Amino acid sequence: MKSLSFPVDFPDVQMKLHLFFQSMLASPAVHSTKPLSTADGVAVLLFPFSAFGYLTHGRIWDRPDPNHGVWFERPQLAIGASSGRVAATRDISQKLAEGEYHCVVFWGSQSGTSERFAETIGRECLSHFGINALVADLSDYDAESISKIQSSHFAIFVLSTYGEGDPSDNTAGLWDWIKQVKDKKTIVQNLQYLAFGLGNSNYKYYNRVLDVVVDALDSAGASALMARQKADDANGGTEEDFQAWKDDVFAVFYQLGYEQKIVEYQPTIKLTFSGETNNDKAANLATSSNHQQTSTQSAIVPLTIKSAHELFAAGDRNCIHMELDLGSQDIVYKTEDHIGI
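Numbering-wise, UniProt numbering puts 128 at position 128 of the sequence shown, and it's gapless, one number per residue.
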């Protein structure tokens with residue numbers, strides 16, 4: 001019988017281990033071990049085959065498909081194809097100039113309330129006064145670019161405070177910049193702004209985010225078009241406070257020379273019918289006449305139908321196979337995106 005050896009530095013320990021394993025291998029219990037039933041015998045025979053299959057998985061059998069990654073490739077991003085994507089600017093002053101916006105409504109929200117209020121004020125700025133407002137997530141733009149906003153534009157801040165006076169996650173960039181404004185004494189004298197805060201007076205640091213931001217902007221030379229206002233959720237009056245603030249904002253618009261328009265019916269969908277039969281052009285497309293892309297919405301992209309044929313029909317049900325021409329469009333799926341035919 002072949003003896004076992006271990007790299008043990010102590011001779012007495014090595015000898016004891018040697019004798020232990022020799023006595024164990026020479027034990028009658030080990031030599032008398034044998035299958036007690038047919039099932040034991042089958043298990044003994046299957047064990048080496050199972051171990052062999054487990055150890056060779058992916059090497060000898062069931063190898064991964066080398067072309068599996070093709071399923072996750074986008075044809076429009078193939079070699080030599082242009083993505084067609086234009087990098088979005090993070091400079092808010094440049095965005096306002098390019099989009100011919102009059103103002104920007106920044107929102108900082110943790111639960112979505114500030115975002116909803118910002119969307120509301122932005123929508124009513126356009127419908128009531130013709131003010132083209134850009135509703136913007138604070139995290140989508142560099143906070144430093146706020147100082148570049150010209151006096152021909154103005155900004156509206158809708159900011160939430162949660163926890164122990166903490167800013168929302170998407171306000172982190174603004175929060176860091178505000179600290180730099182206070183420390184480096186940055187000048188933002190061209191900025192005109194309005195500010196509204198959401199908080200709960202039951203907490204010690206009630207609307208702290210709003211107060212810190214407004215105090216820093218004022219000390220840096222920015223001009224407040226009206227005094228800051230706060231919504232208090234302690235008694236569930238957030239909606240009422242927002243409505244009151246919105247009325248005051250509209251009063252400021254009157255002072256700035258804006259006139260309130262008569263709210264007329266504006267169709268949500270504008271239908272354009274074309275008699276062209278050219279397959280290279282999309283026909284009969286329905287697009288929103290007042291659609292403005294936000295950070296949570298995908299752009300409407302018209303695509304040409306390359307082919308369509310019916311796979312089967314059963315009663316009042318049928319299945320159609322349809323192929324769309326993506327061309328060089330760089331289309332990325334977001335939650336709730338869909339195709340309209």
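From the three backbone atoms N, C-alpha and C, an ideal C-beta is built for every residue, glycine too.
Quantities reported herein were computed from a predicted structural model and do not represent experimental measurements.
* Is it a yes or a no for the segment 178-196 touching the segment 211-229, going by three-plus beta-carbon pairs under 8 Å? -> yes
message: So, at 8 Å on beta carbons, what are the nonlocal neighbours of Asp248 in its own chain, with the 5 sequence-adjacent residues on each side left out?
response: Met226, Gln229
query: Considering only residues of the same chain and omitting the five flanking positions on each side of Asp233, which have a CB-CB separation below 6 Å?
result: Asn200
Alpha helix (DSSP H) runs contained entirely in the UniProt domain "Flavodoxin-like" (103-250), provided each spans 4 or more residues = 113-129, 172-184, 208-219
Who pairs with His309 in a beta bridge, going by DSSP? His321
Practice item. Consult DSSP for Ala314 and reduce its assignment to one of helix, strand or coil. Key: strand
Cβ-Cβ distance between Val263 and Ser127 below 7 Å:
yes
Beta-carbon contacts of Phe117 that lie in its chain and below 7 Å, excluding the five residues immediately before and after: Val158, Phe242
Which same chain residues end up closer than 8 Å to Asp142 when comparing Cβ atoms and leaving out the 5 residues on each side of it in sequence? Arg90, Asp91, Ile92, Gly173
Under the rule that 16 or more other beta-carbon atoms within 10 Å means buried, what is Gly41, buried or exposed?
exposed
Coarse secondary structure for Ile92, derived from DSSP in three states: helix
Q: Measure the beta-carbon distance from Ser114 to Ser160 and round it to whole angstroms, keeping in mind my assumption that it falls under 8 Å.
A: 5 Å
Please go through the same chain and pick out, in chain order, the residues whose beta-carbon is closer than 6 Å to the beta-carbon of His68, but skip the five residues on each side of it.
-> none
Note the first and the last residue of the continuous beta strand (DSSP E) segment covering Leu271.
-> 269-271
7 Å Cβ cutoff, Val332 in contact with chain B:
The structure shown contains no chain B; it is built from a single protein chain.
query = What is the residue span of the alpha helix (DSSP H) that Ala51 lies within?
reply = 38-55
Exercise for the section: Would you decide whether Thr171 is buried or exposed? Buried here means 16 or more other CB atoms lie within 10 Å of its CB. Expected result: buried
task: Identify which residue in Glu98, Gly163, Asp215 has its Cα closest to the Cα of His153.
output: Glu98
Inset, instruction - Can you tell me which of Asp140, Asn318, Ser307, Thr38 puts its alpha carbon nearest to the alpha carbon of Leu326? - result: Ser307
Quick check: Ile320 and Glu310, are their CB atoms within less than 7 Å of each other?
yes
Taking the alpha carbon of Gln150 as the reference point, which residue from Ile187, Glu240, Tyr205, Gly163 has its own alpha carbon closest?
Ile187
With a 10 Å radius around its C-beta and 16 neighbouring C-beta atoms as the bar for buried, classify Ala313 as buried or exposed.
exposed
*asked:* Quick check on this structure: which residue in Ala299, Val70, Glu259, Tyr162 has the alpha carbon closest to the alpha carbon of Gly108?
replied: Tyr162
Buried or exposed: Ala155, going by 16 or more other Cβ atoms within 10 Å of its Cβ?
buried
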